[in-house]
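Going by the working numbering, the sequence shown opens with residue 357, and the numbers climb by one from there. All residues carry an ideal CB built from backbone N, CA and C; glycine is no exception.
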Amino acid sequence: MIDIKFLRQNPDIVKENIKKKFQDEKIPMVDEVIEFDKEQRECQGKADNLKNQRNVISKGIGALMAQGKKEEAEAEKKKVTDMAEEMAQLDARMAELGAKIRERMLVIPNIIDDSVPIGKDDSENVEIERFGEPVVPEYEIPYHTDIMEARDGIDLDSARKTSGNGFYYLKGDIARLHSAVLSYARDFMIDKGFTYYIPPYMIRSSVVTGVMSFAEMENMMYKIEGEDLYLIGTSEHSMIGRFIDTFLEEKDLPQTLTSYSPCFRKEVGAHGIEERGVYRIHQFEKQEMVVVCRPEESMDWFKKLYTYTVELFRSLDIPVRTLECCSGDLADLKVKSVDVEAWSPRQKKYFEVGSCSNLGDAQARRLGIRIKNKEKGNYFPHTLNNTVVAPPRMLIAFLENNLQADGSVKIPEPLRMYMGGKEKI
């Protein structure tokens, strides 16, 4: 959510930003917010004036009563009563206007960074850099579930019986590899100086609407029936939400956090849940990184975060590339975003395994997260998040890139301590 003062003073910039995101249907909302805001401030001025008048009159009533001027005092009391009724009407109108303003401000997109390429959708995202040599071996790379099934490492049929499509059982060495990747990612981020968290897996609606857009919420979140609780789609939701309605000390910045959680997603609007694959599923696990920092530091942290993901994947012999998300592919809260994509030798192309986002002060403004500053005044911090690893997508990349000609899967050195010293599966 952008600052309403900025919108009030720069409506043309806000409208142009909406055009850059190809959401022209939202342009009228800018003028609506300005009109509602103007009326709300006028109502506030009238209410303040009435309150001052009421206070003056109320003080005079006692003096009139002391002088025995009962009729005049009663007339003044009637004025006070009338003023109270008018103030109540003004308060109700201001609340109504405030709700209308917030409703629109929550869907007016954040101002994107000047460096973001302009494009309608992910087909117009721009490659930044490649890391590692993408190799297509002479031998065949089977479909990822075939690799897992050949090692008795996955059971999709049983999962369909218990839960439906989009779920799976992992077992044996494949399940152990899954846990090993997460443990390695956890320790990798701890070594980078991040504090490790295991957060709540359910959050209230006040947090949901603070951390994401309504469109994302409808397409992603599972609602707990009869409760004001949602299953998290990523631990970022809980981790940013933990700061809701708080004042942070500048000396405690930046907050650098890494968190593990299961993630639950409806995947509404996705291209269908695969029957056999585990690329797009309803439940998975993820190691996340989250930063809360000063505004002037956020772009430096942004680059650091996605670079960490690149470093981790390369340490496991997986070629990757970074991709700048264009304006039309950015979620409304995001200022800038870079996807990390891993090489698939089977498909002979890259596919997304993580996403790094700078949200500016949008989440902090929605959640009421502020930084204390006596000299300059309190301000909103910037928040960032990035995927460290998200098995099983990461497993797909790992298995394809480490499958050997003899059918074994090589275990890179960093993972061996988590695999009981095994060098291959």
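Per DSSP, R757 is paired with what? According to the sequence displayed, residue 757 carries Asn and not Arg. Its beta-bridge partners do not exist; DSSP assigns none.
With DSSP run on the structure shown, which of helix, strand or coil describes Y662? Three-state result, Y662: helix.
Would you mind sorting F392 into buried or exposed? The rule is 16 or more other CB atoms within 10 Å of its CB. Buried is the call here.
Enumerate, from N- to C-terminal direction, the unbroken alpha helix (DSSP H) stretches of 4 or more residues contained entirely within the stretch 582-637. If we require 4 residues or more, the alpha helix (DSSP H) runs fully inside the stretch 582-637 come out as 591-597.
How is the beta strand (DSSP E) around R722 delimited, first residue to last? Segment A718 to L723 is the alpha helix (DSSP H) holding R722; no beta strand (DSSP E) there.
Are the Cβ atoms of R306 and I596 separated by less than 9 Å? Missing from the structure shown is residue 306; the chain here goes from 357 to 781 and no further.
Compute the distance between the beta-carbons of E432 and I413, then report whether it is under 9 Å. The criterion of a C-beta distance shorter than 9 Å is satisfied by E432 and I413.
Spatial neighbours of C649 within its chain, please: CB distance less than 7 Å, with the 5 preceding and 5 following residues excluded, ordered by chain position. Once the five neighbours on either side are set aside, the close Cβ partners of C649 are L609, P610, W657, P737 and H738.
Going by C-alpha distance, which of E496, I600, K371 and I374 is nearest Q760? Answer by Cα proximity: E496.
When I484, I674 and M439 are compared against Q409, the one with the closest alpha-carbon: Checked all of I484, I674 and M439; the closest Cα to Q409 is M439.
To which residues does DSSP link C649 through a beta bridge? As a beta-bridge residue in DSSP terms, C649 pairs with H738.
Measure from the alpha carbon of V666 to the alpha carbon of each residue in K407, K476, I484 and T590, then state which is nearest. Nearest C-alpha to V666: I484.
Can you tell me where the alpha helix (DSSP H) with N481 in it begins and where it stops? In the DSSP assignment, N481 falls outside any alpha helix (DSSP H), carrying neither H nor E.
Could you check which residue in A746, N466 and N411 has the C-alpha nearest to that of Q719? When only C-alpha atoms are compared, the closest one is N466.
Looking at the secondary structure, which residues open and close the beta strand (DSSP E) in which A698 lies? Boundaries of the beta strand (DSSP E) around A698: K692 to S700.
Could you tell me the distance, in whole angstroms, from the CA atom of G743 to the CA atom of A515? The sequence as given places Thr at residue 743; Gly does not occur at that position. Whole-angstrom Cα-Cα distance: 26 Å.
Starting from the Cα of A506, find the closest Cα among R598, T518 and K527 and give me that residue. Per the Cα distances, K527.
Looking only at C-alpha atoms, which of Y706, G475 and Q639 sits nearest to G522? Distances from the CA of G522 to each of Y706, G475 and Q639 were compared; the closest alpha carbon is that of Q639.
Note the first and the last residue of the continuous beta strand (DSSP E) segment covering R516. No beta strand (DSSP E) holds R516; the alpha helix (DSSP H) holding it covers L512 to T518.
Could you spell out where the alpha helix (DSSP H) holding I360 opens and where it closes? Per DSSP, I360 belongs to the alpha helix (DSSP H) from I360 to Q365.
In whole angstroms, give me the CA-to-CA distance for H534 and M577. Their backbone Cα atoms lie some 24 Å apart in a straight line.
Round the Cβ separation of Y557 and P473 to the nearest angstrom and send it over; I've been treating them as touching at under 8 Å. That belief does not hold up - the Cβ atoms of Y557 and P473 are roughly 36 Å apart, past 8 Å.
Could you give the residue range of the beta strand (DSSP E) that holds L679? Looking at the DSSP string, the run of the beta strand (DSSP E) that includes L679 is V676 to E680.
Residues near E489 by beta carbon distance below 7 Å, same chain, minus five either side: Taken in chain order, the residues that qualify are P675.
In its own chain, which residues sit with a C-beta less than 6 Å from the C-beta of K476, not counting the 5 before and 5 after it? Same-chain partners within the cutoff: F378 and G684.
How would you write the range of the alpha helix (DSSP H) that E428 sits in, first residue to last? It spans K426 to M461 - the alpha helix (DSSP H) in which E428 sits, taken as one unbroken run.
Excluding the 5 residues preceding and the 5 following K371 in the sequence, name in chain order all residues of the same chain whose CB lies nearer than 8 Å to its CB. Same-chain partners within the cutoff: I383 and V386.
Short of 8 Å in beta carbon distance, which residues of its chain neighbour E641, apart from the five on each side in sequence? Order them along the chain. Non-local beta-carbon contacts of E641 in its own chain, meaning distances under 8 Å to residues more than five positions away in sequence, involve H534, L538, Y616, S617, P618, C619, A746 and P747 in chain order.
Measuring CA to CA, which of E441, K730 and I390 is closest to P367? The residue from E441, K730 and I390 with its alpha-carbon nearest to that of P367 is I390.
Let me check you understand the geometry: is the CB of K527 closer than 8 Å to at least one non-hydrogen atom of the ligand COA? Within the structure as shown, the ligand COA is missing, as the structure has no ligands at all.
Do R460 and V567 have their CB atoms nearer than 9 Å? Not closer than 9 Å, so no.
Simplified DSSP state of N521, which is helix, strand or coil: DSSP places N521 in coil when its eight states are reduced to three.
Report the option in E574, Y664, E388 and N741 whose CA atom is closest to the CA atom of D547. Out of E574, Y664, E388 and N741, Y664 has the C-alpha closest to the C-alpha of D547.
Sub-9 Å separation of S711 and V691 beta-carbons: Going by C-beta atoms, S711 is not nearer than 9 Å to V691.
C-alpha gap between S562 and F487, whole angstroms: S562 and F487: Cα-Cα distance of roughly 40 Å.
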